[in-house]
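Residues in the sequence shown are numbered consecutively from 1085, following my numbering. For each residue, glycine too, the CB sits at the ideal point set by N, CA and C. One structure is given here, and the rest of the page talks about it.
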Amino acid sequence: MTPPAFGTESAHIDHEITEAMAIYTRLYPTQKLTFIFYQGKDPIHGAPSIIEGPFTFRPHHLSPEYLGRVTRPGAGVDSPEVTIILSIPRRPTPTEAKQTDASWRPVRPLARLFTAWPIGYEKIRYLAEMRRKKRRDSKMTSRGLLRGEGSGHFPPAARPASDKKPAILIGMHWLEVGGAEKLGFDTIRWALEAGLRVFVVASVPALQRLQTNLPDSPDVTFIRLDRYLAHDKWPRFVERLIRDENIGLIHNHHCIPLYESLPQIRAILPWVKVIDSTHIVEYANGGYPRTSGVWSEFIDIHHVISRELVDYYRDNFQVIGKVKLGRMLDRVEPARELPAMTMTPGQNTLRVTFVGRLYYQKRPVVVVEALRALDKWAVANGVQLRGRIIGEGPFLDTLRQMLKRYGLTSKVELLPAGSPVPQIMADSDILLLPSNNEGLALVCYEAIEQGCIPISTDVGSQAEIVPADLLVPLEPAACVKGIVSVVDRLWKDAAFCDRQKAELHAAWSRIAADPTAQEILMPVYRDAAHVTEE
């Protein structure tokens, strides 16, 4: 689904007004609606405000940003009034279109430390995070919400007849680059193939740059709730959407307000089936798997991408039967033959790649420190280093400055996020993943499939795909030292190198033998398409 191209500011405003009014017309189908529009100061959020009842203009309502008002009559002359105040986000600048987050800067008290000793700064950040984790883990409870089934004395709500084609509601965190988002887009495509119309919502206000990746189909609708509807209004809107559009299935990909809509759905629309997908246990509070576990009584199926998460639901929430493992791999018939790894002991070049969003989770500062250490190792061993960092984000300017400071600009390329990753992987010996946290990084699958050896921090579910000898400590300095140590041993010890290659292929093959996400989810989608047609 490709959003319209707006040739004029007027066309942009008209489009945004139409999208916003459609949301509130559905939410308040019979009320008299008055929309008051302002020119927004940012390109992302509509800052919605709702007044239920008569509205009186005050001087500040006619500020210089005031654009005008539109009224939609109610169902009758005595219909209650609702006033919706919205800002129309301005169009992003070319710079914002690439990156809306401000460039990263070290916290002010430690700025001099970062300038003098970046890895020392990372160490302090790591220690602070570990303290927060320990403190939060001690306070955190893993207790799911209880849900009563109701009494047979009261008749259950009946599913209404509909002449509309069956539909699914897919909730996403946002439509920006990420592993969870890749699966979200896959499920949109699979739902279409199963015969469902697809409604997509996102919880986090953003430019939603990947909106253009939605299938160009009249059966796919992206509703901009992230921009124009406050989270506390989602339950009523979702209820109306399900009723109006014959939605029989919800699939949640890390969308908090959709979780919070589940009581409304279970109480009023109990026939709707609910599934969710989770990827990663964040350090701070358990992240989305913990949220999912808390809401488990309201969910029919938990789809997970790693065995670590199967264990997490069992150990923390005593949820077993409805947790389904579905790997983020495509089933290929006949089975894919993996290429030989490109790394060979004693080679005179070393090609090292990093792929990821340049945010703290991926620890880009540690990436540069590792490349600096590998360059020193390479010089000492008569090896030529070639590094590539593929990604964009708030750390980009910091990386440029560090590479210049360390004299690495001629040896390390900075490439944009849209670069051809498979081809670059095939031309790489080593993939670095010094992440603060991971679920089970897709980029590891891609590396092995292209003959590249991943070296990763021992976090999340990485041990399911990366052999123990290729896992390095999380602590920043130890991480850098560990990466150099592994590379040195791969380069010097042919038996060790061969063993790692064999173990990587074996791990990939084990994972490839598990059910795929598509194999787990497609039967659910097909059932939704079939049942609602009966």
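Quick one: what does DSSP say residue i is sitting in, helix, strand or coil?
| i | result |
| --- | --- |
| D1598 | coil |
| I1383 | coil |
| P1202 | helix |
| T1167 | strand |
| E1618 | Only weak support is given to the placement of E1618: the predicted model assigns it a pLDDT of 41, under 50, and the value that follows is read from those uncertain coordinates. E1618 falls in the coil class under three-state DSSP. |
| R1209 | helix |
| S1187 | coil |
| D1511 | coil |
| N1521 | coil |
| P1143 | helix |
| P1088 | For P1088, the predicted structure reports a pLDDT of 44, less than 50, and the residue's modelled location is therefore unreliable. The matter cannot be settled from this model. |
| D1270 | helix |
| M1425 | coil |
| V1154 | strand |
| N1336 | strand |
| A1195 | helix |
| S1094 | helix |
| R1243 | coil |
| L1291 | coil |
| M1105 | helix |
| V1505 | helix |
Identify the continuous alpha helix (DSSP H) that holds residue i and give its terminal residues.
| i | result |
| --- | --- |
| M1486 | L1480 to R1489 |
| K1182 | P1178 to K1182 |
| M1449 | The residue asked about is misnamed: residue 1449 is Val in this sequence, not Met. V1449 -> alpha helix (DSSP H) spans P1448 to A1464. |
| A1561 | P1560 to K1576 |
| T1433 | It is not in any alpha helix (DSSP H) - T1433 instead sits in the beta strand (DSSP E) that spans T1433 to V1439. |
| P1538 | Segment I1537 to T1541 is the beta strand (DSSP E) holding P1538; no alpha helix (DSSP H) there. |
| S1376 | G1371 to V1378 |
| D1395 | R1391 to F1401 |
| A1531 | L1526 to E1533 |
| A1251 | That residue, A1251, is in no alpha helix (DSSP H); its beta strand (DSSP E) goes A1251 to M1256. |
Rank the options by C-alpha distance to the C-alpha of residue i and give the top, closest one.
| i | options | result |
| --- | --- | --- |
| Y1150 | G1137, V1166, P1518 and P1173 | P1173 |
| I1532 | A1242, V1467, W1461 and S1593 | S1593 |
| A1465 | Y1396, G1430 and G1370 | As written in the sequence, residue 1465 is Asn, which differs from the Ala given in the question. Comparing Cα positions, the closest option is G1430. |
| A1591 | T1600, A1579, D1481 and V1550 | V1550 |
| L1422 | P1138, E1530, E1497 and R1456 | E1530 |
| G1566 | D1577, L1554 and K1576 | L1554 |
| P1500 | V1450, V1161 and F1479 | F1479 |
| V1416 | A1241, Q1292 and Q1602 | Q1602 |
| D1414 | V1365, L1516 and L1267 | L1267 |
| S1235 | W1461, V1356 and A1351 | A1351 |
| T1305 | K1317, F1269 and H1338 | F1269 |
| Y1343 | W1355, V1365, D1328 and S1380 | S1380 |
| M1412 | Y1112, Y1205 and D1598 | D1598 |
| R1489 | I1349, T1199 and R1227 | T1199 |
| S1163 | A1195, Y1112, P1193 and G1130 | Y1112 |
| E1453 | T1140, C1563, I1474 and H1338 | C1563 |
| G1475 | G1502, V1450 and R1456 | G1502 |
| S1226 | N1297, G1370 and V1407 | G1370 |
I'd like the span of the beta strand (DSSP E) that includes residue i, first residue to last.
| i | result |
| --- | --- |
| R1470 | Q1468 to I1474 |
| L1325 | First-last for L1325: W1318 to E1329, but that is the alpha helix (DSSP H), not the beta strand (DSSP E). |
| L1346 | Careful: L1346 lies outside any beta strand (DSSP E), inside the alpha helix (DSSP H) at L1346 to I1352. |
| D1360 | K1357 to T1362 |
| L1409 | V1407 to L1409 |
Is the separation between the beta-carbon of residue i and that of residue j shorter than 8 Å?
| i | j | result |
| --- | --- | --- |
| L1259 | F1283 | no |
| L1229 | H1387 | no |
| I1514 | C1528 | no |
| R1472 | T1426 | no |
| I1362 | I1340 | The question names Ile, but residue 1362 in the sequence shown is Thr. It is not a contact, given that the beta carbons lie outside the stated cut-off. |
| G1255 | N1330 | no |
| N1521 | Q1445 | yes |
| T1114 | G1158 | yes |
| I1120 | R1142 | no |
| G1332 | P1250 | yes |
| R1308 | E1548 | no |
| P1638 | P1127 | A question about residue 1638 goes unanswered here, because the residues of the chain that appear run from 1085 up to 1618. |
| R1273 | P1240 | no |
| V1451 | L1492 | no |
| S1345 | L1524 | no |
Looking only at DSSP bridge pairs, what is residue i linked to?
| i | result |
| --- | --- |
| Q1123 | I1172 |
| L1492 | Answer by DSSP bridge pairing: none, since L1492 is not bridged. |
| E1497 | R1472 |
| T1305 | F1283 |
| I1134 | I1168 |
| T1118 | T1155 and T1167 |
| L1555 | S1540 |
Is residue i near the ligand PLP, going by C-beta to nearest heavy atom under 7 Å?
| i | result |
| --- | --- |
| F1306 | Looking for the ligand PLP in the displayed structure turns up nothing, as the structure carries no ligands at all. |
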